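Inspection log for the structure reproduced underneath, given as structure tokens.
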Amino acid sequence: MPKAYKQVPFAAIVKSPTVNNQGMVTGNWRYLRPVVDKGLCTECKMCWISCPDATVNYSKDDGISFNLEFCKGCGVCSNVCPVGAINRVPELDFED
Amino acid sequence: MPIKKRGTGLTAVADAWQLADIDVTASYPIRPYTAVMAEVAKRIANGQMKCEMVHGEGEHAQFSIAHGASMAGARATTGSSGVGVTYAFETYSPIAGGRCPIQALIGDRTLDPPGDFGSEHTDCLTLRDNGWIYGWAENAQEALDNSLLCFRIGEDPEIMLPQIVAMDGYFVTHISQDYVMPDQAQVDKFLPPFKPEFRLDVNKPVIMGPQIEPEMGPPLEWDRNVVMERVKELIPKATAEFNKIFGAKYAPFVDEYMTDDADMVFLLQGAHAVTCRSAIKYLREAGYKVGMCRLRWIRPFPDAALQQILPKFKVVGVIDTNTSYGAAGGGGVLLVETRASVSEVANKPIIQGFTSGLGGETITHEEFFKMADMMKQTLDAGKIIQSSTWVNFNDYDKAAIEVKAAWEQAAPSTK
Amino acid sequence: MAVAEMIKSIAQAPEKEYYLPGHRTCAGCGPALAYRLIAKASGKNTIFIGPTGCMYVANTSYACGPWAVPWTHAQITNGGAVASGIEVAFKQLIKKGKIKDEFPNIIVMAGDGGAIDIGLQAASSMMYRGHDVLFLMYDNESYANTGIQVSPMTPYGATTMFTPSGPEIPEAKKFFPKDPMAIFCSGGHPEVKYGATASISYPVDLMNKVRKGLAVEGPAFLHVQCPCPKGWTYPADRTVELGKLAVETGMWFLYEIEDGVKKWNYMPKKLKPVEEYLQTQGRFSHLQPEHVAKMQAWVNQRTQLLGMEVPLPPAQ
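Chains as they are written, first to last, in the numbering used here: chain A, 3 to 98; chain B, 96 to 510; chain C, -13 to 302.
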């Protein structure tokens, strides 16, 4: 069987991504999903600033949410939350 | 107007770098190449050159600095000699693989031991497998010219590879000689400004040198290989254009001397060609039908040119001014590559090796005579007598003295 | 010297990310969090140089990477030298009018090996020569990308693949770590006008130090402690917690040296016993009381040497 080589650009120089790096999608690493309890959340953004993967999002309208396409489920967000508003729920409990 | 000058291979390359308007150079002292950096420093200090000179803390840093500068879009140079060349070894493949066309001047020198300043090609030949374009200059003029040619070839958008202007330490780097510094307008006509397609630019961000998947490695290396083959095609074109603009007469790959009717040739590179030519004059008068082939490039190796040229002769004596201990056939790098180049050619000559000129020794007339004598014996025998010979160590000649005596008898007036 | 725009609180931290989602760093990776905060602080006009290490390998494995700004690899040996070349090239090309760029923020992101071990020569020379570069050492206290081997920054008493503990060597690693701030920011490199230690667990402090380092003309040095779940052996969710505990136990300090003047950025009211820190990590699990006492004595001595005047736990 012929080997399947992959084309590589000149000197392996590649364009920088702008939103996320689709070359390494890491959401499938996760076995515990962060879930925020909006009733408890004070929007201090401690979870947002502490995420190694930039997968905690914040907006004034929607508060804290998670980028599950990339979240590895490390749980740092939950650990740093001063009010215990982020639970870590097994992925198998979810339909999607 | 071109200027007639008196200087060395090093000042000549400083002239080339000035004419090429280099942006960055990186220095570290080691003999004999050092003087080029001293010269550039002087020219920066007096305003003659606009260039950043970074004093590296070693050769590894020198090449790394030039690498960084090239990624930022600068025309960058550096240089070294001897163990300095090998100290930088880690950097050669990343620079070539990153397709950064920096230029290095290497004034060659023995590796330790012996702790010797003398010229020897081993240092620079050790990095021949990394994708750098290079060859040895015979004199100051060729050093200057090779520098300009190398920038032109290496920076070609279809090539983008680093280059080395190599020259024999002391013989070329330090012996004062006449040369012509070309006119700026000529250089501007020959060498366009360096404008790489990719550089570190915050408005067009790229990722340079990421790790790749195993399936991408071979294609990436194949590309470097293809480009090196393309250099072989570009060298004759660029050389012809150079000759036209600067009024020079360079052969693209192999400089031949008295080969028209020769049945034996010396094959070598670098400054020993000067002595070789004069030895050939004496040998001709003594009846030896001998000529010389001088290689202008070692990478890419001029295999196709040699396939055309060498079948004209019966015996080729390859002179290696380098060591490659345990190499096939017992000689040095040139012997192996020359034999490999013509291995499949019909009517190929008998190729024997000589190791001579190590440790900065000149190859004397007497030694050329000895080699000619040994080649004559091969010619008469019609077969290899000894695959490779270290001159003055395991020679099998009948003594150079006889050759000398024959010459003295034949042409006493030209002594 | 340009004046850095300071960030006053997490609420004021820039929203824009330049170290994006999509990298193969371990879950809970301290160095990845450092990268994100540094890129956030430095912004668009930034070029990163990444010498070989975790932050090269885990970020770029498949001919891609997570940076929205230019990034280039350097060898583990030569981050400082490659950055020097980039810096002088920009200066010269701008001066000659060959490019129209604004002079960029140039940041070397070197691991402890690439900064203070095999990369020390290039780092030192870059700082000696006064290049306008921020040399940043993300310190996860080992050669982690090759599977956790000892580096000069590995603490006394830690196990690594090269320093296992056993009956002949019960304490595992025998030596105490190097002090990079003493090497780079205590007068030995006179061109360095700004140097600081920082931690991923103090993000505002870290981001402001990045901005200060970039604002000074000439080289700046940042030594950032980055807990590493894999190398230190602790659950991934505790990364930020352990960074804080390190500061509270004197296993890490937060200070800066600006123009030769040292300033403490955070000082605990009193140090907690170092044992509290050691207990959290598998790499210290083999330590005997005498080793813990030796570590406490070292912490106490270092605290005093650095001039942090707080009550210290007894060192038996």
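We treat Cβ as the ideally placed atom computed from N, Cα and C, and that holds for glycine.
Computed from a predicted structure; not experimentally measured.
Query - C-beta neighbour in chain B for Q24(A), strict 9 angstroms - result: Chain B contact via Cβ: absent.
Report task. Under 8 angstroms between beta-carbons, which chain A residues line up against P189(C)? List them in chain order, please. Result -> I51 and S52
Report task. Quick one: give me the first and last residue of the beta strand (DSSP E) that D415(B) is part of. Result -> Where D415(B) is concerned, the enclosing beta strand (DSSP E) starts and stops at V410 to D415.
Query raised in the report: When the Cα atoms are used, what is the spatial distance from L256(B) to P395(B)?
Result: 12 angstroms
Requested in this report: Output, in chain order, the set of chain B residues within a Cβ distance shorter than 8 angstroms of F72(A).
Outcome: Simply none; closest approach about 18 angstroms.
Query raised in the report: Going by the CB atoms, is the gap between V275(B) and K99(B) shorter than 9 angstroms?
Result: yes
Report task. For the beta strand (DSSP E) holding D273(B), just list the boundary residues, first then last. Result -> Q272 to M276
Report task. May I ask you to report which of helix, strand or coil DSSP gives K100(B)? Result -> strand
Requested in this report: Mark G173(C) as exposed unless 16 or more other C-beta atoms lie within 10 angstroms of its C-beta, in which case mark it buried.
Outcome: exposed
Query raised in the report: CA-CA distance, K510(B) and L378(B)?
Result: Unreliable positioning characterises K510(B) in this predicted model, as indicated by a pLDDT of 49, which lies under 50. The coordinate reading is nonetheless provided below. K510(B) and L378(B): Cα-Cα distance of roughly 13 angstroms.
Query raised in the report: How is R197(C) classed by DSSP in three states: helix, strand or coil?
Result: helix
Query raised in the report: How is I102(C) classed by DSSP in three states: helix, strand or coil?
Result: Looking at I102(C) - three-state DSSP - the assignment turns out to be helix.
**Report entry** 7 angstroms CB neighbourhood of D356(B) in its chain, flanking five on each side removed
**Finding:** K384
Report task. Pull up the DSSP beta-bridge partners for T146(C), would you. Result -> The partner list for T146(C) (beta bridge, DSSP) reads T149(C).
Requested in this report: Would you mind stating whether Y123(B) and G264(B) have Cβ atoms separated by less than 9 angstroms?
Outcome: no
Query raised in the report: Does the separation of the CB atoms of H59(C) and S151(C) fall below 9 angstroms?
Result: no
Requested in this report: From the DSSP output, in three-state form, read off K384(B) for me.
Outcome: It is coil, neither helix nor strand.
Query raised in the report: Between H269(B) and chain C, is there a C-beta pair that is closer than 9 angstroms?
Result: By this cut-off, H269(B) is not an interface position.
Requested in this report: Report yes or no: do three or more beta-carbon pairs, one from the stretch 477 to 494 of chain B and one from the stretch 434 to 453 of chain B, lie closer than 8 angstroms?
Outcome: yes
Requested in this report: Compare the C-beta of G174(B) with all C-beta atoms of chain C and state if any pair is closer than 9 angstroms.
Outcome: no
Query raised in the report: Looking at C-alpha atoms only, which residue of M253(C), A301(C) and N286(C) is the closest neighbour of E276(C)?
Result: A301(C)
**Report entry** Helix, strand or coil at R574(B) [DSSP, three-state]
**Finding:** Limits of chain B in this structure are 96 at one end and 510 at the other, which puts residue 574(B) out of reach.
Query raised in the report: Within this structure, are the beta carbons of D118(B) and A156(B) separated by less than 9 angstroms?
Result: In this structure, A156(B) does not lie closer than 9 angstroms to D118(B) by Cβ.
Query raised in the report: So with Cβ pairs under 9 angstroms, would you call C146(B) a contact of chain C?
Result: yes
Query - Bounding residues of the beta strand (DSSP E) (the contiguous stretch that carries L240(C)) - result: L240 to E244
Query raised in the report: Looking only at its own chain, which residues have a Cβ that is under 6 angstroms from the Cβ of S70(C), when we skip the five neighbours before and after it?
Result: Counting only Cβ-Cβ distances below 6 angstroms, and skipping sequence neighbours, we find M112 and H117.
Query - Beta carbon proximity, I(-4)(C) to chain A, threshold 9 angstroms - result: Yes, I(-4)(C) lies at the interface with chain A (some Cβ there is under 9 angstroms from its Cβ).
Report task. Classify I66(A) as helix, strand or coil using the three-state DSSP reduction. Result -> strand
Query raised in the report: So which residues on chain B does A6(A) lean against when the C-beta distance must stay under 8 angstroms?
Result: E310
Query raised in the report: Would you say I66(A) and V78(A) are within 9 angstroms of each other, going by their C-beta atoms?
Result: no
**Report entry** Local Cβ density within 10 Å of A399(B), reported as buried at 16 or more and exposed below that
**Finding:** exposed
Query - Limits of the unbroken alpha helix (DSSP H) element including V82(A) - result: V78 to V82
Report task. Would you list, in chain order, the members of the stretch 250 to 277 of chain B that have their beta-carbon closer than 8 angstroms to a beta-carbon of chain A? Result -> M255
Query raised in the report: For the 8 angstroms Cβ check, are there 3 or more pairs between the stretch 405 to 425 of chain B and the stretch 360 to 374 of chain B?
Result: yes
Requested in this report: Following the continuous alpha helix (DSSP H) through D468(B), name the residue where it begins and the one where it ends.
Outcome: H460 to A476
Query raised in the report: Any idea what DSSP makes of S61(A), helix, strand or coil?
Result: Strand, per DSSP.
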